[in-house]
Amino acid sequence: MFLQKPFIHDPGNGQRVRDMRAFLTSPFHFAQPPALDDPLCAEFAQDEILQMLYTVLPEETALILWYNKSRATSRICPACQRLYRLGDVLLDHLDADEHTRNAEQRPPPQLEREQEISGLCSTMCFILASYNYPAAIKSAWGHTADEMSDEAWAMLNSSGEGHATTGVSVGLGMLVRMTRLHDLGLAQLCLPDVAFDEEVYSDWEDADTTEIFVR
1 MFLQKPFIHD PGNGQRVRDM RAFLTSPFHF AQPPALDDPL CAEFAQDEIL
51 QMLYTVLPEE TALILWYNKS RATSRICPAC QRLYRLGDVL LDHLDADEHT
101 RNAEQRPPPQ LEREQEISGL CSTMCFILAS YNYPAAIKSA WGHTADEMSD
151 EAWAMLNSSG EGHATTGVSV GLGMLVRMTR LHDLGLAQLC LPDVAFDEEV
201 YSDWEDADTT EIFVR
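Number 197 in UniProt numbering belongs to position 197 of the sequence shown; there are no gaps in the numbering.
What follows is the structure in structure tokens.
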């Protein structure tokens, strides 16, 4: 009998989810159930939403985003796969002594908001995910599209500066873009030919992935 590889491990600064499918289907109920009493979480919990996310994101990234948007307080960081709950005091990714951790009990408000809307757990993870859009990082951190400057949103809705070269890094950049929108841009994904009232930054036909997001 072969032992199954653990799908959760702790490198010393917080639990990481190695395998999203195993995490979600585990009989030990590590995953928080969808918050079906919250209308928005209940909408995102639908399997149809997950299927749409599969069309534009790598599988693991799509599962993490779907999980984060359909759970009340549980989050998995899309960049480092850290498992945590909103309000947790998280250990730094770098080795930090106890004094440093105690001095940083309260994270900046932008980070708290970012954890809520995208699940990215730290400043470092947000910068990593936004690496292809350096000019938009400051404006996007902890903000939705309607709170960003027009210039920063246009940058985030572009193909970026070409730093992202792997499927995972491109997917993280797209996740940052999608989570600036309350519906993740899925309205345009479902109905690309409908003329919405909001400003459209990119056309479906010209997008090499999903540069169809509106705000």
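Where is the CB? At the ideal position from N, CA and C, for every residue including glycine.
Bear in mind that the values here come from a model prediction, so they are computed numbers and not experimental data.
At the level of alpha carbons, what is the spacing between residue i and residue j?
i: E59; j: T166; result: 14 Å
i: C77; j: L120; result: 5 Å
i: V176; j: A31; result: 23 Å
i: L128; j: Q81; result: 13 Å
i: L65; j: L57; result: 9 Å
i: L111; j: F28; result: 30 Å
i: I117; j: G12; result: 26 Å
i: E151; j: R106; result: 30 Å
i: A154; j: M52; result: 24 Å
i: E205; j: H9; result: Unreliable positioning characterises E205 in this predicted model, as indicated by a pLDDT of 31, which lies under 50. The coordinate reading is nonetheless provided below. Straight-line Cα distance between these residues: approximately 42 Å.
i: D38; j: M178; result: 21 Å
i: R21; j: P33; result: 14 Å
i: P109; j: A136; result: 18 Å
i: D203; j: Y54; result: Annotation note: pLDDT 33 at D203 (below 50); position unreliable, coordinate value reported separately. When rounded, the distance between both Cα atoms is 20 Å.
i: D19; j: R85; result: 18 Å
Would you check if the distance between the CB atom of residue i and the CB atom of residue j is smaller than 8 Å?
i: A79; j: A35; result: no
i: Q4; j: L83; result: no
i: G142; j: E114; result: yes
i: G130; j: A140; result: Here residue 130 is Ser; the residue named in the question, Gly, does not match the sequence. In contact: S130 and A140 (Cβ atoms closer than 8 Å).
Kindly give me the distance between the Cβ atoms of residue i and residue j, rounded to whole angstroms, as I take these residues to be in contact under 8 Å.
i: S122; j: L90; result: 7 Å
i: M124; j: H163; result: With 8 Å as the limit, M124 and H163 do not qualify as a contact, their Cβ atoms being about 16 Å apart.
By the DSSP assignment, the alpha helix (DSSP H) with residue i in it spans what residues?
i: R113; result: 109-117
i: S169; result: 167-178
i: Y54; result: 47-54
i: L181; result: Where L181 is concerned, there is no enclosing alpha helix (DSSP H), given that its DSSP letter is neither H nor E.
i: R21; result: 20-25
i: N68; result: 59-70
i: W153; result: 150-156
i: E43; result: 39-44
Based on Cα-Cα distance, which residue from the options lies nearest to residue i?
i: S159; options: F30, Y54, L172; result: L172
i: R180; options: S149, Q51, V168; result: S149
i: Y67; options: P27, Y131, Q46; result: Q46
i: C41; options: A22, K69, P27; result: K69
i: residue 216; options: P108, L184, F7, V56; result: The question about residue 216 has no answer, for the chain in this structure spans 1 to 215.
i: N132; options: P27, E147, V170; result: V170
i: D183; options: I49, D19, P33, D10; result: I49
i: F126; options: R106, A62, M174, S26; result: M174
i: V168; options: T61, G185, E43, P109; result: T61
i: S74; options: E161, V17, E43, G185; result: V17
i: G185; options: D10, D38, A22, F44; result: F44
i: P134; options: T55, L63, E161; result: E161
Please report the residue range of the beta strand (DSSP E) in which residue i lies.
i: R75; result: 74-76
i: Y133; result: Premise fails: Y133 is in no beta strand (DSSP E) and is neither H nor E.
i: P83; result: Contrary to the premise, residue 83 reads as Leu rather than Pro in this sequence. From DSSP, the beta strand (DSSP E) with L83 extends over 83-85.
Check the Cβ-Cβ distances between residue i and every residue of chain B, and say whether any is below 8 Å.
i: E114; result: In the displayed structure, chain B is absent; only one protein chain is listed.
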